[in-house]
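Undergrad:
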Amino acid sequence: MPERDVVTWNIMVSGLAQNGCSGEAFGLFRDMHLSCVEIDHVSLYNLIPAVSKIGDNGVCRCLHGFVIKKGFAFVFSNGLIDMYCKCADLFAAECVFEEVWRTDESSWGTMMVAYAYNGSFEEVLNLFDLMRNYDVRMNKVAVVSALQAAAYVGDLEKGITIHEYVVQQGMMSDVSVATSLISMYAKCGELEIAEQLFVDTKDRDVVSWSAMIASFEQAGQHDDALALFRDMMRIHVKPNVVTFTSVLPACAGIHASRLGKSIHCYAIKAYIDSELATATAIISMYAKCGLFTPALRAFERLPIKDAVAFNALAQGYTQMGDSAKAFDVYNNMKLHGVCPDSGTMVGMLQTCALCSDYDRGSCVYGQIVKQGFDSECHVAHALIDMFTKCDGLAAAKSLFDKCGFEKSTVSWNIMMNGYLLHGQAEEAIAAFCQMKVENFQPNTVTFVNLLHAAAQSEALRVGKLGQANLIRFGFCSHTPIGNSLVDMYAKCGMLEYSERCFKEIINKDMVSWNTMLSAYAAHGLASRAISLFLFMQENKLKLDSVSFLSVLSACRNAGLVEEGKKIFKEMEERHKIEAEVEHYACMVDLLGKAGLFDEAVEMFSKTTLLLFVLLSHNFCEAIMVMASVLNNSLASMCHAEKNGKRQVILRPTSKVITKFLTVMQKNGYIAEFEYVDDHRSGKIVVELNGRLNKCGVISPRFDVGVKEIEGWTAKLLPSRQFGHIVLSTSGGIMDHEEARRKNVGGKVLGFFY
């Protein structure tokens, strides 16, 4: 070319920049400057986006200086903010913003995008508040960024405020704004509002459909996600990569491998299967469905196997419970020279948690620190979770208190859940209180943990306080919250409140029905449990193994043999649900306590070796108790006491006898007692103290509510001043006074005075 003018140079710089050759574009710009060509605003317009991709702060500052020198600082302020944001230099971006925010309204939106891009979501929301205070009109970019930030931090209150602003400004017709609102409500747990917004959105595009499908999938409503995908296909909306990365996990969630294969075929026909995100979703779907042959085939077809692909395969093995193969995948990843990312570390920690391997988890922790992942929140969360599940609660607490990462509501939730896993409900409640002191906003998961803690410790006052907070925060409509309230009130003995909360759940899921069934069973209300179970059957609800376990427990507690046998038969023959160890335990207990030993033996003989080991104690106990072993033991004690003896030996033994003796000892009617293994059925040596006058077993075992305890004490005891009735309750075997304090009823086991 005889002479290169500025237009020629600009075309070349632009071409290189747009084709991803950022380094070459900057090199050509430098040559242009050295060739003394007069650089204009077009040259800089093409170059600034290219420099942001280089990721070199020195280059950014050099270009910024050149822009100032040329007098284009105001013109390119948004581009400079974006450039610094992509290079993770928020301080420099803020300096540019400080110069222009008064005169350039669009710079607010750009700065919000910069904060969001770098994960500073609280700063995004702070800018939103400042814009409202300064009466700065927000554009679409600012609104979408604010909604994304509210969604990420789970701030529903702020999200509602942004929604109100959107309505005031007439921006609801914008599809991108409406889609961001849908995602925000879904991520804040308000799926019903998100669904209604989706229905109300006109001119829905593939982004809107994908956002709603992703919302259902993330909420665990896999069937709804797949139904929406079918609707989308029916009206010929062409899915994109994002759609596939949402719908394939939904297939995995319900193990719909046939549908997953069909979607895989569609992706191949649409030439999307080679996209890394889609290919990874395909691998993950097959792996989580337990189909490792097609998963490995899809994995091998990948031209470039990155960390995400290895992670997807390993997590599939983890989900199927095969920790050894998961670790093999991680080792192969290292052999292939693929650098692990933070997702790899999270996956390895989850695998360690699965097999409760504290030592290996500690080694992974060392790798995390070495590679600098320990400051990343999701890695720190996985670390805390791993330690709590590997009996390392002290290590989890130390890591949490050390706070090498930024604490969040999520980290508090994980710590609360860790305390609950270790039965430390009081510590979980204390963590909730401290969380509020430190001004962290609780979310639905926080309140579910709090209600579980209240149920675990039977702390009714804490449970009621939690419900008051739920009403204040507007979380009462959430199904998981309703389920937790039902469970909490039932375990605290307030069955009427439990029923009321159950009725108030608008969208009852299977957990809701099963929780109410379990509540009736625990309170000895077999007739109500069976009525609810029949109602579930009549309304074609998809009963699961938990449903049958709850109603069988109710039958066992009430001694309803025929009903229990019928329900057990229906479970296996009509509903095709394979009986698990707990179902067999219920049936063996039910038949044994009814004296149907031949049937109990027949049921017992059907079990596998593993079930035999697990059930043998229950079986023997059921037979021994019904064979009047408890009654004979108590009679032996009374006889020894009357003859002035100070020691009596009881054999054979059972768990029920031991617990009955514990109640007697607690109330001072016997002294010490000790179980002795005599290599037969065992024996218990009881030291008498001269206080026992009479004791006995009540048969049949009547169901007694809390209000009926008074009548039974008058019937069985000579005086209210001394003596105790022993009850078998949902909280264990206890005397009538403790049952009244805990507000629980149960079955009358026996008495002593």
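First residue of the sequence shown: 1, per UniProt numbering; consecutive thereafter.
Note that CB positions come from ideal geometry on N, CA and C, so glycine has one too.
Here the structure is a predicted model, which means the values were calculated and not measured.
#1: Where do the ends of the beta strand (DSSP E) carrying residue 647 lie?
#2: Identify, in the order they occur along the chain, each residue of the same chain with its Cβ nearer than 7 Å to the Cβ of residue 478, setting aside the five sequence neighbours on each side.
#3: Select from 408, 461, 393 and 420 the residue whose C-alpha is nearest the C-alpha of residue 436.
#4: Just verifying my parser: in three-state terms, what is the DSSP assignment at residue 172?
#5: Three or more C-beta pairs under 8 Å: does that hold for the stretch 225-243 against the stretch 514-530?
#6: So, helix, strand or coil for residue 329, using DSSP?
#7: In chain order, what residues of the same chain have a beta carbon less than 6 Å from the beta carbon of residue 490, not counting five sequence neighbours either side?
#8: How about residue 182 and residue 138: do their beta carbons lie closer than 8 Å?
#9: Going by the DSSP bridge assignment, what does residue 735 pair with across the sheet?
#10: I need the DSSP call for residue 741, collapsed to helix, strand or coil.
#11: Which partner residues does residue 746 have in the DSSP bridge list?
#12: Determine the direct distance from the alpha carbon of residue 462 to that of residue 438, and round the result to whole angstroms.
#13: With a 10 Å radius around its C-beta and 16 neighbouring C-beta atoms as the bar for buried, classify residue 472 as buried or exposed.
#14: Where do the N-terminal and C-terminal ends of the beta strand (DSSP E) with residue 683 fall, by residue?
#15: Give a yes or no on contact between the stretch 344-354 and the stretch 380-399, applying the rule of three or more CB pairs nearer than 8 Å.
#16: Could you spell out where the alpha helix (DSSP H) holding residue 463 opens and where it closes?
#17: If I follow the unbroken alpha helix (DSSP H) through residue 533, where does it start and stop?
#18: Where does residue 87 land, buried or exposed, given buried means 16+ other C-beta within 10 angstroms?
#19: Whose C-beta lies closer than 6 Å to the C-beta of residue 414 among residues of the same chain, with five residues either side of it excluded?
#20: Need the endpoints of the alpha helix (DSSP H) that residue 117 sits in, please.
#21: Leaving aside the five residues before and after residue 620 along the sequence, list all residues of the same chain whose C-beta is less than 6 Å from its C-beta, in chain order.
#22: Going by other Cβ atoms of all chains shown within 10 Å of its Cβ, with 16 needed for buried, is residue 198 buried or exposed?
#23: Once you ignore the five residues that flank residue 329 on each side, which residues in its own chain have a CB closer than 7 Å to its CB?
#24: Leaving aside the five residues before and after residue 420 along the sequence, list all residues of the same chain whose C-beta is less than 7 Å from its C-beta, in chain order.
#25: Which of helix, strand or coil does DSSP assign to residue 696?
#26: Report yes if the CB atom of residue 549 is closer than 8 Å to the CB atom of residue 533, and no otherwise.
#27: With DSSP collapsed to three states, give me the class of residue 376.
#28: Measure the CB-CB distance between residue 220 and residue 170 and report whether it falls below 8 Å.
#29: Between which residues of its own chain and residue 228 is the CB-CB distance below 8 Å, once the five residues before and five after are set aside?
#30: Please list, in chain order, all residues of the same chain as residue 609 whose beta carbon is under 8 Å from its beta carbon, the five residues on each side excluded.
#31: Roughly how far, in whole angstroms, is the beta-carbon of residue 504 from the beta-carbon of residue 482, given that I think they are within contact range, below 8 Å?
#32: With a cut-off of 8 Å on the beta carbons, I'd call residue 470 and residue 502 a contact; round off their distance for me.
#33: Closest by CA to residue 305, which one among 121, 674, 543 and 275?
#34: Which whole runs of the alpha helix (DSSP H) in the stretch 353-434 are 4 residues long or more, in chain order?
#35: Using DSSP with H/G/I as helix, E/B as strand and the rest coil, what is residue 275?
#36: Taking the beta strand (DSSP E) that residue 669 belongs to, which residues open and close that run?
TA: In this structure, then:
#1: 647-650
#2: 189 and 444
#3: 408
#4: Three-state DSSP puts residue 172 in coil, outside helix and strand.
#5: no
#6: helix
#7: 498 and 519
#8: 8 Å or more divides the Cβ of residue 182 from the Cβ of residue 138.
#9: 726
#10: helix
#11: Residue pairing of residue 746 in beta bridges, as defined by DSSP: 704 and 729.
#12: 19 Å
#13: Label assigned to residue 472: exposed.
#14: Counting along the chain, the beta strand (DSSP E) containing residue 683 begins and ends at 683-687.
#15: yes
#16: 460-473
#17: 526-538
#18: buried
#19: Correct list, in chain order: 381, 384 and 385.
#20: 106-117
#21: Reliability fails at residue 620, whose pLDDT of 46 lies under 50, so the model's placement of it is uncertain and the value that follows must be treated cautiously. Nothing listed; no residue qualifies.
#22: buried
#23: 310, 313, 314 and 317
#24: Setting aside the 5 residues that flank it on each side, residue 420 is surrounded in the same chain by 428, 449, 452, 453 and 456, each with a C-beta closer than 7 Å to its C-beta; the list follows chain order.
#25: strand
#26: No, they are not a contact pair.
#27: For residue 376, the secondary structure class from DSSP, reduced to helix, strand or coil, is coil.
#28: no
#29: If the five residues before and after residue 228 are omitted, its C-beta is found closer than 8 Å to the C-beta atoms of 209, 212, 213 and 216, all from its own chain and listed in chain order.
#30: Confidence at residue 609 is low in this model, with a pLDDT of 37, below 50, so the placement of that residue is unreliable and no value is reported for it.
#31: So it is a contact: roughly 7 Å between Cβ atoms.
#32: In fact, because the Cβ distance is near 15 Å, the residues do not count as touching under 8 Å.
#33: 275
#34: 358-370, 377-389, 393-402 and 409-421
#35: coil
#36: Counting along the chain, residue 669 falls outside any beta strand (DSSP E), and DSSP gives it neither H nor E.
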